[in-house]
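Asker: Can you read through this structure? Questions will come right after.
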Amino acid sequence: MSAYRLASGGLVNRSQPLNFTFDGKAMKGFDGDTLASALLANDQLLVGRSFKYHRPRGVVTAGSAEPNALVSIGSGGRTEPNTRATVAELYQGLAAVSQNRWPSLKYDIGSLNSLLSPFLGAGFYYKTFMWPAAFWEKVYEPFIRHAAGLGKVVMQADPDRYEKAWAHCDLLVVGSGPAGLMAALTAARGGLRVILADEGFRLGGSLLSEKLSIGGLSADAFAQSILEELASFENVTLMPRTTIFGWYDDNVFGAVEKVQKHVAMPSPELPVERMWRIAAKRAILATGAEERPLVFGGNDRPGVMMAGAMRSYLNRYGVAVGQKVAVFTNGGSGYRTAQDLAAQGVEIAAIVDTRAGTNEVAPGGVRVIHGGSVISTKGKYRIEGLIVDRGGLDELVACDALAVSGGWSPIIHLACQRGAKPVWSDEKQAFMAPTVGGELELAGSVAGVETIAGCLADGARRASTVLTSLGLSAAEADLPEVEGEYDPSFAAVWHVPGAKDKAFIDFQNDVHAKDLGLALREGFGHIEHAKRYTTNGMATDQGKLGNVNAAGIIAGMRGVSPAAVGTTTFRPFYTPVSFGVMAGAARGRHARPVRQSPLHGWAKKNGAIFVEAGAWYRSSWFPRDGEKGWRESVDREVLNVRANVGICDVSTLGKIEVFGRDAAEFLNRLYSNAFLKLPVGKARYGLMLREDGYVYDDGTTTRLSENHFFVTTTTAYAGEVMTHMEFCSQTLWPDLDVRFVSSSDQWAQMSVAGPKARVVLQQLIEDDISNEAFPFLAAATVTLKGGPKARLFRISFSGELAFELAVPAGYGEAVADAVMEAGKAHGISPYGVEALNVLRIEKGHVTHNELDGRTTPDDVGLGRMMSTLKVDFIGKRLSTRFGLTAADRIQLVGLKPVDTAKEIKAGAHLLKEGAKPSTANDQGHVSSVCFSPVLGHSIALAFLKSGRERIGEKIVVWDGLRGEEILAEVCSPVFVDAENKKLNV
Numbered sequence: 007m008s009a010y011r012l013a014s015g016g017l018v019n020r021s022q023p024l025n026f027t028f029d030g031k032a033m034k035g036f037d038g039d040t041l042a043s044a045l046l047a048n049d050q051l052l053v054g055r056s057f058k059y060h061r062p063r064g065v066v067t068a069g070s071a072e073p074n075a076l077v078s079i080g081s082g083g084r085t086e087p088n089t090r091a092t093v094a095e096l097y098q099g100l101a102a103v104s105q106n107r108w109p110s111l112k113y114d115i116g117s118l119n120s121l122l123s124p125f126l127g128a129g130f131y132y133k134t135f136m137w138p139a140a141f142w143e144k145v146y147e148p149f150i151r152h153a154a155g156l157g158k159v160v161m162q163a164d165p166d167r168y169e170k171a172w173a174h175c176d177l178l179v180v181g182s183g184p185a186g187l188m189a190a191l192t193a194a195r196g197g198l199r200v201i202l203a204d205e206g207f208r209l210g211g212s213l214l215s216e217k218l219s220i221g222g223l224s225a226d227a228f229a230q231s232i233l234e235e236l237a238s239f240e241n242v243t244l245m246p247r248t249t250i251f252g253w254y255d256d257n258v259f260g261a262v263e264k265v266q267k268h269v270a271m272p273s274p275e276l277p278v279e280r281m282w283r284i285a286a287k288r289a290i291l292a293t294g295a296e297e298r299p300l301v302f303g304g305n306d307r308p309g310v311m312m313a314g315a316m317r318s319y320l321n322r323y324g325v326a327v328g329q330k331v332a333v334f335t336n337g338g339s340g341y342r343t344a345q346d347l348a349a350q351g352v353e354i355a356a357i358v359d360t361r362a363g364t365n366e367v368a369p370g371g372v373r374v375i376h377g378g379s380v381i382s383t384k385g386k387y388r389i390e391g392l393i394v395d396r397g398g399l400d401e402l403v404a405c406d407a408l409a410v411s412g413g414w415s416p417i418i419h420l421a422c423q424r425g426a427k428p429v430w431s432d433e434k435q436a437f438m439a440p441t442v443g444g445e446l447e448l449a450g451s452v453a454g455v456e457t458i459a460g461c462l463a464d465g466a467r468r469a470s471t472v473l474t475s476l477g478l479s480a481a482e483a484d485l486p487e488v489e490g491e492y493d494p495s496f497a498a499v500w501h502v503p504g505a506k507d508k509a510f511i512d513f514q515n516d517v518h519a520k521d522l523g524l525a526l527r528e529g530f531g532h533i534e535h536a537k538r539y540t541t542n543g544m545a546t547d548q549g550k551l552g553n554v555n556a557a558g559i560i561a562g563m564r565g566v567s568p569a570a571v572g573t574t575t576f577r578p579f580y581t582p583v584s585f586g587v588m589a590g591a592a593r594g595r596h597a598r599p600v601r602q603s604p605l606h607g608w609a610k611k612n613g614a615i616f617v618e619a620g621a622w623y624r625s626s627w628f629p630r631d632g633e634k635g636w637r638e639s640v641d642r643e644v645l646n647v648r649a650n651v652g653i654c655d656v657s658t659l660g661k662i663e664v665f666g667r668d669a670a671e672f673l674n675r676l677y678s679n680a681f682l683k684l685p686v687g688k689a690r691y692g693l694m695l696r697e698d699g700y701v702y703d704d705g706t707t708t709r710l711s712e713n714h715f716f717v718t719t720t721t722a723y724a725g726e727v728m729t730h731m732e733f734c735s736q737t738l739w740p741d742l743d744v745r746f747v748s749s750s751d752q753w754a755q756m757s758v759a760g761p762k763a764r765v766v767l768q769q770l771i772e773d774d775i776s777n778e779a780f781p782f783l784a785a786a787t788v789t790l791k792g793g794p795k796a797r798l799f800r801i802s803f804s805g806e807l808a809f810e811l812a813v814p815a816g817y818g819e820a821v822a823d824a825v826m827e828a829g830k831a832h833g834i835s836p837y838g839v840e841a842l843n844v845l846r847i848e849k850g851h852v853t854h855n856e857l858d859g860r861t862t863p864d865d866v867g868l869g870r871m872m873s874t875l876k877v878d879f880i881g882k883r884l885s886t887r888f889g890l891t892a893a894d895r896i897q898l899v900g901l902k903p904v905d906t907a908k909e910i911k912a913g914a915h916l917l918k919e920g921a922k923p924s925t926a927n928d929q930g931h932v933s934s935v936c937f938s939p940v941l942g943h944s945i946a947l948a949f950l951k952s953g954r955e956r957i958g959e960k961i962v963v964w965d966g967l968r969g970e971e972i973l974a975e976v977c978s979p980v981f982v983d984a985e986n987k988k989l990n991v
């Protein structure tokens with residue numbers, strides 16, 4: 007036995023033992039343990055296998071940067087693969103299983119890959135699996151897919167809840183170490199609303215792991231005293247178990263709170279995880295620094311651990327990682343670890359210091375090998391010794407654990423997530439955070455402060471700066487005296503020469519120093535290229551331990567400073583975030599909540615059959631007694647609109663109110679046709695293009711007053727158009743005075759269409775809506791009988807005399823009932839989207855069946871809407887490309903079957919008579935079809951090459967999917983009232 011639990015000490019609750027299992031083996035721990043500390047206490051050093059070579063791996067760190075100790079926790083739908091044992095809180099009954107091994111962790115057949123390592127170097131996957139070609143699908147791909155990944159997902163549904171929430175504060179403090187605690191306390195005393203967040207389940211950061219005195223208290227007791235005072239403030243929110251994973255625009259931070267990940271059976275009343283969006287006026291980053299490994303031969307053997315992590319397991323968890331521990335260091339951290347271990351009776355085999363001489367003090371009687379280097383380690387499933395080289399003399403040092411310290415790297419990830427690049431510091435021998443402005447301050451070790459006393463002072467100073475920036479004053483901080491500190495300085499060593507085994511940089515992906523040399527030789531010397539060629543920094547830890555060493559090694563190989571090499575790009579997420587918490591409540595039937603229009607109740611009581619149309623439930627048709635199928639209902643509805651009057655719910659159209667002095671100019675740039683001189687009280691059909699000249703969306707825009715427009719969009723693109731407008735306003739034309747807001751849910755809108763539409767509506771509207779007073783494309787606010795105000799638009803999607811009446815959503819059902827009552831004597835009938843579709847096809851109107859992202863305005867017969875007078879609009883320049891103006895482009899036409907008893911099907915392709923079906927002979931396709939009860943046969947809208955020149959031509963409609971082929975005549979896309987006589991009565 008090497009690792010063991012101390013008889014006393016640590017911050018775990020020894021009065022509350024916990025039972026758990028690892029790979030089915032029963033073990034014991036205590037409340038306050040992590041899974042990693044409990045495994046070490048049970049002498050379980052072997053916890054996983056590396057990805058490529060399946061080498062035995064043990065715990066390396068005590069925090070979220072852990073690359074090796076990845077396990078699956080839980081069972082059934084609660085199984086969570088790739089959980090870092092170093093941050094997984096131990097609980098009663100926890101069941102953990104090792105990963106990436108078969109048939110067992112100790113006897114893993116995948117370890118044979120180590121024998122093949124000469125053939126599996128960096129970039130091998132770019133050079134192999136190419137011959138014979140037939141092997142790819144049947145041999146190579148199945149093998150690669152089987153080998154991919156670490157943990158295995160389960161197919162059972164996750165039974166737990168997740169949720170999302172917003173929080174607002176004056177100051178967000180990220181990290182609860184000495185700098186974070188003092189910053190939060192100073193700000194809280196100054197009256198700010200403070201949120202203190204830390205990924206740990208116990209707040210206190212490094213103070214929980216260090217043996218020193220602060221203000222006469224032990225470090226952990228001092229932290230507890232600060233936390234108790236913070237908890238007493240009403241303006242302070244403490245958030246343990248909360249990882250701040252991203253920094254976004256407007257000083258909004260993304261965070262994940264593990265609410266019930268530390269219990270065996272979560273309560274259904276609470277989520278297991280909660281995603282927070284925290285809007286902070288200011289933030290202080292107090293995330294500390296990560297200890298770097300040293301890159302030497304055999305540095306991945308179980309029992310090799312970061313010196314600071316070994317201190318944490320000793321002082322916080324009461325676990326000694328070995329009985330005879332060696333230390334390999336280039337700075338003071340290794341000596342502090344040796345002192346703490348020796349104080350608990352652990353034998354120190356030797357301290358190997360890469361520096362020729364130091365002022366560090368080793369524990370009494372401990373041998374120090376100055377100017378030495380570890381070039382190899384011994385052992386299989388755990389370290390049993392190491393080979394030290396000094397001046398060419400090799401020496402075997404027996405040990406059962408090795409503490410390693412290669413210096414410190416500030417944890418600057420959040421500060422660099424918005425594009426700013428880290429800055430190399432020769433003084434600190436580390437990449438430091440760039441200047442990011444006053445919204446985010448850095449305090450403590452993340453800012454390069456090296457001592458606990460310095461971190462306390464820096465935290466208070468940064469909080470005072472925030473208070474001043476927000477117009478408040480800060481009292482001078484009463485800083486406690488710190489006793490027992492050590493000198494954390496170090497002399498950077500990127501790669502220990504003379505390695506007799508692989509010297510790993512990225513432990514999880516098995517990237518070693520020679521891999522980087524190969525990458526440089528093959529032309530991948532740029533840090534981003536080297537990352538992708540070798541996979542260094544691409545594992546679940548995202549290079550938290552290895553990336554700085556990689557930059558240093560590449561710099562040495564290139565003969566430049568690490569400043570010239572730089573780092574890879576920092577992006578969210580800081581640590582892995584579960585899909586469950588990203589989805590939140592949006593799962594199952596809540597994945598995309600069904601939207602019901604304000605007229606849903608009216609449609610339902612009128613017998614509507616509903617259909618899901620995007621996110622909406624829309625009334626599809628309204629059956630009547632005796633009708634045998636949907637077609638009979640739709641035919642009746644269409645004929646009734648053409649002969650009498652119908653009412654249709656069009657509330658689902660996107661509706662956007664646009665305001666501002668430059669609103670007209672904004673819309674003029676947004677649409678391809680002119681809006682600058684649109685008169686007040688008029689509506690206009692508009693066509694919106696993408697930058698590439700293709701149609702994006704269409705709809706009507708109404709000028710309600712000089713600086714107020716009302717824009718409608720298609721139902722499907724309501725959100726996309728709103729986002730597009732936001733982008734244009736904020737990015738393309740920020741100088742324009744324009745504002746807009748979605749009002750889609752505020753209005754109930756109904757189309758009243760048919761020859762008798764005016765007669766019906768005039769009974770309900772006080773204003774004159776005669777053709778003379780309210781002509782086609784007129785729009786106005788009108789007064790309904792009884793006083794309510796409404797918006798009335800004279801627009802038509804059916805080709806008939808039609809009006810769209812919009813009323814506040816709460817009035818919708820009552821007004822629709824009134825319209826039905828007023829129209830009873832005139833044969834009014836509700837009609838649904840199926841009839842609406844028939845009416846628009848008969849009239850040749852387009853929807854996203856035609857505006858499918860591949861068509862230009864000219865393709866759909868609307869080329870005249872491309873203004874030639876406007877200086878510019880979105881899509882103007884690229885719409886003139888040859889490919890978009892070629893004479894043989896597809897153009898919108900109508901089709902009617904030569905044999906009217908036959909039916910045209912949507913999606914069918916068009917061929918010349920006698921041509922064989924092929925891509926080369928393809929003449930176009932059918933986009934929309936329906937049966938026209940007015941004409942008595944099937945009709946279609948289609949795209950045909952040079953279609954407008956081919957009116958009257960016979961074309962073959964070929965449907966290979968259904969095995970059908972019919973002959974059709976090419977005709978105008980307008981089948982009904984081509985002269986538009988009905989629109990202007």
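In my numbering, the protein residues as written are 7 to 991.
For glycine and all other residues, C-beta sits at the position ideal for the given N, C-alpha and C.
(1) Check each candidate in A453, L420 and E697 and name the one with the smallest Cα separation from A436.
(2) What residue from L178, R883 and G340 has the CA that sits closest to A285's CA?
(3) Examine the Cβ distances between the stretch 318-328 and the stretch 608-627 and report whether three or more of them are shorter than 8 Å.
(4) Measure the C-alpha to C-alpha separation of H532 and K31 and round it to an integer number of angstroms.
(5) For the alpha helix (DSSP H) that P416 lies in, which residues bound it at each end?
(6) In the DSSP assignment, what residue or residues form a beta bridge with W964?
(7) Go to F149, then tell me how far its alpha helix (DSSP H) extends in each direction, as first and last residue.
(8) Does DSSP put M872 in a helix, in a strand, or in coil?
(9) Quick one: grab the DSSP three-state call for G157.
(10) Among E643, M872, A505 and V258, which residue has its Cα nearest to the Cα of P681?
(11) To the nearest whole angstrom, what separates the beta carbons of G562 and N553, a pair I think is in contact under 8 Å?
(12) Just verifying my parser: in three-state terms, what is the DSSP assignment at Q768?
(13) Under a three-way DSSP split, which group does F125 fall into?
(14) Give me the Cβ distance between V159 and P87, rounded to the nearest whole Å; I'm assuming they're in contact under 8 Å.
(15) In angstroms, rounded to a whole number, what distance separates the CA positions of L485 and G221?
(16) Can you give me the Cβ contacts of E169 inside the same chain, cut-off strictly under 7 Å, excluding the 5 residues immediately before and after it?
(17) Answer with buried or exposed for N25, where buried requires no fewer than 16 other C-beta atoms within 10 angstroms of its C-beta.
(18) Kindly indicate which three-state DSSP category M563 falls into: helix, strand or coil?
(19) Could you tell me which of V200, L244 and P184 sits nearest to S219, measuring between CA atoms?
(20) Could you give the C-beta distance for R288 and V472, rounded to a whole number, given that I count them as a contact under 8 Å?
(21) Can you pull the DSSP bridge partners for K170?
(22) Would you say the stretch 638-647 touches the stretch 826-835, given that touching needs at least three Cβ pairs under 8 Å?
(23) Can you name the start and end residues of the alpha helix (DSSP H) that F888 belongs to?
(24) Spatial neighbours of P578 within its chain, please: C-beta separation below 7 Å, excluding the five flanking residues on both sides.
(25) So, at 6 Å on beta carbons, what are the nonlocal neighbours of A669 in its own chain, with the 5 sequence-adjacent residues on each side left out?
(26) Please go through the same chain and pick out, in chain order, the residues whose beta-carbon is closer than 8 Å to the beta-carbon of P685, but skip the five residues on each side of it.
(27) Could you tell me which of D983, Q266, T27 and T92 sits nearest to M311, measuring between CA atoms?
(28) With a threshold of 7 Å on Cβ separation, who are the neighbours of I615 within its own chain once the five nearest residues in sequence on each side are excluded?
(29) Measuring only the C-alpha atoms, how far is G377 from D400?
(30) Need the endpoints of the beta strand (DSSP E) that I662 sits in, please.
(31) Out of K537, K506 and L695, point me to the one whose CA is closest to T575's CA.
Answerer: So, from the listed chains and residues:
(1) Position 430 of the sequence shown, counted from the start, is the residue given in the question as residue 436. Checked all of A453, L420 and E697; the closest Cα to A436 is A453.
(2) To locate residue 285, count along the sequence shown from 1; it is residue 279. Per the Cα distances, L178.
(3) no
(4) Locating residue 532 in the sequence shown gives position 526, counting from the first residue. Locating residue 31 in the sequence shown gives position 25, counting from the first residue. Going by the C-alpha atoms only, they are around 46 Å apart.
(5) Within the sequence shown, residue 416 is the residue found at index 410, counting from 1. Not the alpha helix (DSSP H): P416 falls in the beta strand (DSSP E), residues W414 to P416.
(6) The residue you call residue 964 lines up with position 958 of the sequence shown. H915 and E971.
(7) Your numbering for residue 149 matches position 143 in the sequence shown. E147 to A153 is the span of the alpha helix (DSSP H), which, as asked, contains F149.
(8) If you number the sequence shown from 1, residue 872 lands on position 866. M872: coil per DSSP, three-state reduction.
(9) Looking up residue 157 in the sequence shown gives position 151. G157 falls in the coil class under three-state DSSP.
(10) For the purposes of this step, residue 681 is taken as the residue at position 675 of the sequence shown. Note that residue 681 is Phe in the sequence shown, not Pro. Minimum Cα distance to F681 is reached at M872.
(11) Taking the first residue of the sequence shown as 1, we reach residue 562 at position 556. Taking the first residue of the sequence shown as 1, we reach residue 553 at position 547. In fact, because the Cβ distance is near 15 Å, the residues do not count as touching under 8 Å.
(12) By 1-based counting over the sequence shown, the position of residue 768 is 762. Residue state, collapsed to three classes: helix.
(13) Residue 125 sits at position 119 when you count from the first residue of the sequence shown. Helix, per DSSP.
(14) The residue given as residue 159 occupies position 153 in the sequence shown. The residue given as residue 87 occupies position 81 in the sequence shown. With a Cβ gap of about 6 Å, V159 and P87 count as contacting.
(15) Your numbering for residue 485 matches position 479 in the sequence shown. Your numbering for residue 221 matches position 215 in the sequence shown. So the two alpha carbons sit approximately 8 Å from each other.
(16) The residue given as residue 169 occupies position 163 in the sequence shown. Correct list, in chain order: P277, R280, G590 and A591.
(17) Your numbering for residue 25 matches position 19 in the sequence shown. The residue in question, N25, is exposed, as its Cβ has fewer than 16 Cβ neighbours within 10 Å.
(18) Here residue 563 refers to the residue found at position 557 when the sequence shown is read from its first residue. Three-state result, M563: helix.
(19) On the sequence shown, residue 219 is found 213 positions in, with the first residue counted as 1. Out of V200, L244 and P184, P184 has the C-alpha closest to the C-alpha of S219.
(20) Numbered from its first residue, the sequence shown carries residue 288 at position 282. Numbered from its first residue, the sequence shown carries residue 472 at position 466. Contact flag correct, Cβ pair sits at about 5 Å.
(21) Residue mapping note: residue 170 aligns to position 164 of the sequence shown, counting from 1. Looking at the DSSP assignment, K170 forms a beta bridge with M281.
(22) yes
(23) Sequence index remark: in the sequence shown, residue 888 carries index 882 (1-based). F888 to T891 is the span of the alpha helix (DSSP H), which, as asked, contains F888.
(24) Stepping through the sequence shown from its first residue, residue 578 is reached at position 572. For P578, where only same-chain residues beyond five positions count, the Cβ hits under 7 Å are F251, G252, G260 and Q423.
(25) The count along the sequence shown starts at 1 and reaches residue 669 at position 663. Closer than 6 Å at Cβ, skipping near neighbours: N713, F715 and V744.
(26) Taking the first residue of the sequence shown as 1, we reach residue 685 at position 679. Once the five neighbours on either side are set aside, the close Cβ partners of P685 are R709.
(27) Along the sequence shown, read from residue 1 onward, the residue named residue 311 stands at position 305. Of D983, Q266, T27 and T92, the residue nearest in Cα terms is T92.
(28) Mapped onto the sequence shown, residue 615 falls at position 609. S626, W627 and P629, listed in sequence order.
(29) As a first step, residue 377 must be located in the sequence shown, where it is residue number 371. As a first step, residue 400 must be located in the sequence shown, where it is residue number 394. Approximately 13 Å between the Cα atoms of the pair.
(30) Within the sequence shown, numbered from 1, the residue matching residue 662 stands at position 656. Where I662 is concerned, the enclosing beta strand (DSSP E) stretches over G660 to F665.
(31) Along the sequence shown, read from residue 1 onward, the residue named residue 575 stands at position 569. Checked all of K537, K506 and L695; the closest Cα to T575 is K537.
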